[in-house]
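Asker: Protein chains in written order, with my numbering: chain A, 162 to 354; chain B, 162 to 354.
2 protein chains.
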Amino acid sequence: MASTKDRIVDASAELFRRNGYTGTGVKQIVAMAGAPFGSLYHFFPGGKEQLGEEVIRWSGAMYGQLIGAIFDPAPDVVTAVHDFFAGAAETLRETDYADACPIATVALEVASTSEPLRQATADVFESWIAGGSERFEAAGIPPARARELTIAMLASLEGAFVLCRAMRTTVPLEVAGGTMVGVVRDELESTPS
Amino acid sequence: MASTKDRIVDASAELFRRNGYTGTGVKQIVAMAGAPFGSLYHFFPGGKEQLGEEVIRWSGAMYGQLIGAIFDPAPDVVTAVHDFFAGAAETLRETDYADACPIATVALEVASTSEPLRQATADVFESWIAGGSERFEAAGIPPARARELTIAMLASLEGAFVLCRAMRTTVPLEVAGGTMVGVVRDELESTPS
């Protein structure tokens, strides 16, 4: 069984994804984690903000592994980009439009209100950009352009999540995914091999 | 001078953009609006949720007008798409990365927690999609494809806002804008005129 600390981080990650950082209370967290109230402050003496930072970095690292898990076994990056958006759409449908990006809601909430949490979300996005860039570079795309393609892909994924959750349809993810597949395909065709 | 009700809606819109819906208290709203506490419940007997719905619909309509304001005077839709992202980047810089989309933070916060507010954000996105589609159709793009291009554009705009606010740089908006400019240009070139 997971340790109390792990259960607190895990419960917080799920609550932040669904209800945001501000909308999640510490009482809800300990209740979902099945942990005594005091244990939260035992493991996180800085309280909710310290816990928030750990959750952002931890779930950011977990989701970051999806980039390798999807791109590395794919026959090519065009297929990988397709699978990346298709997998996100499937998860959204399966969770009744609740589980999308673990970072985005918190990132928007804290961008102007908590510098440590904003920095944590920035570090996570930067690590995802590095992970994606590496895969596009491996496909022969020059580094600066590989970074741009990753930023464009992550931006359209994050924005599609916003539209999908609001409109309760996966169409925006399908459209954004189709658009990025076309962009990456064109890029490969114009890259000298 | 604006009416008390207008000042309440206006103050709420600004606070929701910066701190989200959950992170904004009714006391903060009346303080910023310079309104007596009781006036909020006088104008919005349903309290914060009723006010939230009005703010989403009102700021959604305001921002929706930007589509016409940018697309209609532009010489062509490719220039319009460029200007749309460039204007968003300029606003972000001018407001120290605080003022981005008036709907997105709230949309992510309420998607799984308040059905009336989720529906309001869905209606706003739908109206923006209709506004953009109309402009792409006027440029000769068939209706179904015009709708897809608008969804792709709004998704990359919304996601770029998330990345820009977190990373405190307008690079994601510039990259997403450049990508969409290329997609729309290619679309026009392949559309029989």
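Every residue, glycine too, gets a C-beta built ideally from N, C-alpha and C.
Exposed or buried, what is T154/B when buried is set at 16 or more other beta-carbons lying within 10 Å of its beta-carbon?
Answerer: Because chain B spans 162 through 354 in this model, residue 154/B falls outside it and cannot be assessed.
Asker: When the Cα of E255/B is compared with those of G199/B, P234/B, R329/B, I312/B, which residue comes out closest?
Answerer: Minimum Cα distance to E255/B is reached at R329/B.
Asker: Whose CA, out of E335/B, I290/B, A272/B, A172/B, lies closest to the CA of E309/A?
Answerer: Cα-wise, what sits closest to E309/A is E335/B.
Asker: Going straight from the alpha carbon of R179/B to that of A265/A, what length do you get?
Answerer: One C-alpha to the other measures close to 14 Å.
Asker: How would you write the range of the alpha helix (DSSP H) that R296/A sits in, first residue to last?
Answerer: From DSSP, the alpha helix (DSSP H) with R296/A extends over 276–299.
Asker: Does G287/B come within less than 9 Å of chain A when only Cβ atoms are used?
Answerer: First, the amino acid is wrong: residue 287/B is Glu here, not Gly. Closer than 9 Å: yes.
Asker: Quick one: is Y258/A near chain B, going by C-beta distance under 9 Å?
Answerer: So, interface residue.
Asker: Please identify, using Cβ separations under 7 Å, the residues of the segment 298–316 of chain A that lie next to chain B, in order along the chain.
Answerer: Cβ contacts with chain B: E309, I312, A313, L315, A316.
Asker: Nearest to T274/A by CA position, among G184/B, L253/B, K166/B, is which residue?
Answerer: The option with the nearest alpha carbon to T274/A is G184/B.
Asker: Would you call P333/B buried or exposed, if buried means 16 or more other Cβ atoms sit within 10 Å of its Cβ?
Answerer: Its Cβ being crowded by 16 or more others within 10 Å, P333/B is buried.
Asker: With 7 Å as the C-beta to C-beta threshold (strictly closer), list the residues of the segment 172–199 of chain B near chain A in chain order.
Answerer: Per Cβ criterion, the list reads R179, N180, G181, T183, G184.
Asker: Figure out for me which residue from T165/A, P206/A, A313/A, A300/A has the closest Cα to the Cα of I372/A.
Answerer: A question about residue 372/A goes unanswered here, because the residues of chain A that appear run from 162 up to 354.
Asker: A305/A and E295/A - do their beta-carbons sit closer together than 9 Å?
Answerer: Cβ distance not < 9 Å, so E295/A and A305/A don't count as in contact.
Asker: Would you decide whether E350/A is buried or exposed? Buried here means 16 or more other CB atoms lie within 10 Å of its CB.
Answerer: Exposed, because fewer than 16 other Cβ atoms sit within 10 Å of the Cβ of E350/A.
Asker: Pull out every residue of the segment 250–284 of chain A whose Cβ sits closer than 7 Å to any Cβ of chain B, in chain order.
Answerer: So the list reads Y258, A259, A265, T266, A268, L269, E270, A272, S273, T274, R279, T282, A283, given in the order they occur along the chain.
Asker: From E319/B to C325/A, what does the alpha carbon distance come to, in whole angstroms?
Answerer: Approximately 12 Å between the Cα atoms of the pair.
Asker: At what residues does the alpha helix (DSSP H) containing R329/B begin and finish?
Answerer: Run containing R329/B: none; DSSP gives neither H nor E here.
Asker: Going by C-alpha to C-alpha distance, which of V216/B, G186/B, F204/B sits closest to Q280/B?
Answerer: Ranking V216/B, G186/B, F204/B by Cα distance to Q280/B puts V216/B first.
Asker: Rounded to whole angstroms, what is the Cα-Cα separation between L176/B and G301/A?
Answerer: Those two C-alpha atoms are separated by around 45 Å.
Asker: When you compare only the Cα positions, how much space is there between G225/A and E210/A?
Answerer: Near 22 Å, if we compare the C-alpha coordinates of E210/A and G225/A.
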